[in-house]
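J.: Residues -17 to -1, 1 to 227 (mature numbering (1 follows the signal peptide of the UniProt record, and there is no 0)) make up the sequence shown, in order. Ideal placement from N, C-alpha and C gives every residue a C-beta, glycine not left out. Note that the coordinates shown come from a computational prediction; the quantities given were computed from them, not determined experimentally.
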Amino acid sequence: MFRIAVLLIITVFAALANSTPKKSIVYDLAHGQRVMAHVDKQHQHIAKQLNATVINSTTPLSEKQLENTSLLYIRAPNQAFSDAEINAIVQYVRNGGSLLLVVDEERRQPLQTTQVNRLISPFSMMLTQDTPYLHNAGAIAFAGEINRQVRELAFSGGRAVVGGTPFAFQITKEGKPGLPFAAYKNIDGSGRIVVMGEGMASIFMGEDDAVRMSGEHRNPRNTKYWGKDSQIFMQEIIHWLTSR
């Protein structure tokens, strides 16, 4: 009898584990983004750790598509979002969805072209024009709601984020935290947003033995970028956005 009871308990727990629904991450590829194999591999790795699936979306975003989505991830768009897409994304967040928006320098992703600020302005957030360029400056994220401890990040030209709660900062020439390049916001209705104004961390750049502010000006091939924690930084962001 005892053996039967134990087997029943094991069966019940196994059924509960198997019934836990997987989270879904929609990764937008419909707005001129470049597919990068190593980035896709890291996305799959992070998703597996979070019991999530990644859906690479190459069609216009819609309310229907986002209905059961845990996270909408928009990285490096360089084409415009339609009015219908903007309305769908804003409504998705208001209904409790999570949005991760990563936008790089103006020469790569122009604000006027992409209209990305229209995605976040309803939540009192905004990406600025480019901040003064400092080659291989690096950035730092402090421990808090998202990151478990201080994270060193690659950063070499980007934007600041206005609004929300800043949690990662460009490093100045003097080595001090400067303007915020990443901020988060909890939205009424349980929605969450993270906005980043530089894309190096999002493609997992940065090396353990790199020296900050070294290398050749605007030449990635001749620069070893400082910022060893990009992978764990992105993992912590995605975990926070999908953990509500």
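1. Between the region 138 to 156 and the region 107 to 119, do three or more beta carbon pairs fall short of 8 Å?
2. Kindly provide the ranges of any alpha helix (DSSP H) runs that are 4 or more residues long and lie completely inside the region 80 to 112, ordered along the chain.
3. Are ILE220 and ILE72 close, meaning C-beta to C-beta below 7 Å?
4. Let me make sure I understand the geometry here. Which of MET183, TYR116, VAL86, SER53 has the alpha-carbon closest to that of ILE102?
5. Between which residues of its own chain and ASN78 is the CB-CB distance below 8 Å, once the five residues before and five after are set aside?
6. Within 10 angstroms of the Cβ of SER65, are there 16 or more other Cβ atoms? Answer buried if so, exposed if not.
7. For my contact list, THR36 and ALA13 are in at a C-beta cut-off of 8 Å; report their separation, rounded to the angstrom.
8. Short check: CB of ALA67 to CB of PHE216, under 7 Å?
9. Tell me, to the nearest whole angstrom, how far the beta carbon of ILE176 is from that of VAL76; I am working on the premise that it is less than 8 Å.
10. Mind checking GLN16: buried by the 16 CB within 10 Å criterion, or exposed?
11. Label ARG195 either buried or exposed according to how many other C-beta atoms from any shown protein chain fall within 10 Å of its C-beta, with 16 as the threshold for buried.
12. Use the C-beta contact count for HIS26: other C-beta atoms within 10 angstroms, 16 or more gives buried, fewer gives exposed.
13. Under a three-way DSSP split, which group does LYS47 fall into?
14. Tell me whether the beta-carbon of PHE150 lies closer than 7 Å to the beta-carbon of GLU181.
15. Terminal residues of the continuous alpha helix (DSSP H) containing GLN153?
16. Among the residues of its own chain, which have a CB less than 7 Å from the CB of PRO43, if the five just before and after it don't count?
17. Would you mind working out which of GLN32, ARG131, SER226, LEU83 sits nearest ALA59, comparing C-alpha positions?
T.: Reading from the atomic positions:
1. These segments touch.
2. 94 to 97, 100 to 103
3. no
4. Ile is not the amino acid found at residue 102; the sequence shown has Leu there. The candidate whose alpha carbon is nearest that of LEU102 is VAL86.
5. GLY172, GLY174
6. exposed
7. No, THR36 and ALA13 are not in contact; Cβ-Cβ is about 18 Å, not under 8 Å.
8. no
9. 6 Å
10. By the 10 Å Cβ count, GLN16 comes out buried.
11. buried
12. buried
13. If DSSP states are grouped into helix, strand and coil, LYS47 belongs with the helices.
14. no
15. GLN153 -> not in any alpha helix (DSSP H); beta strand (DSSP E) instead, spanning 148 to 154.
16. ALA13, SER65, GLU68
17. LEU83
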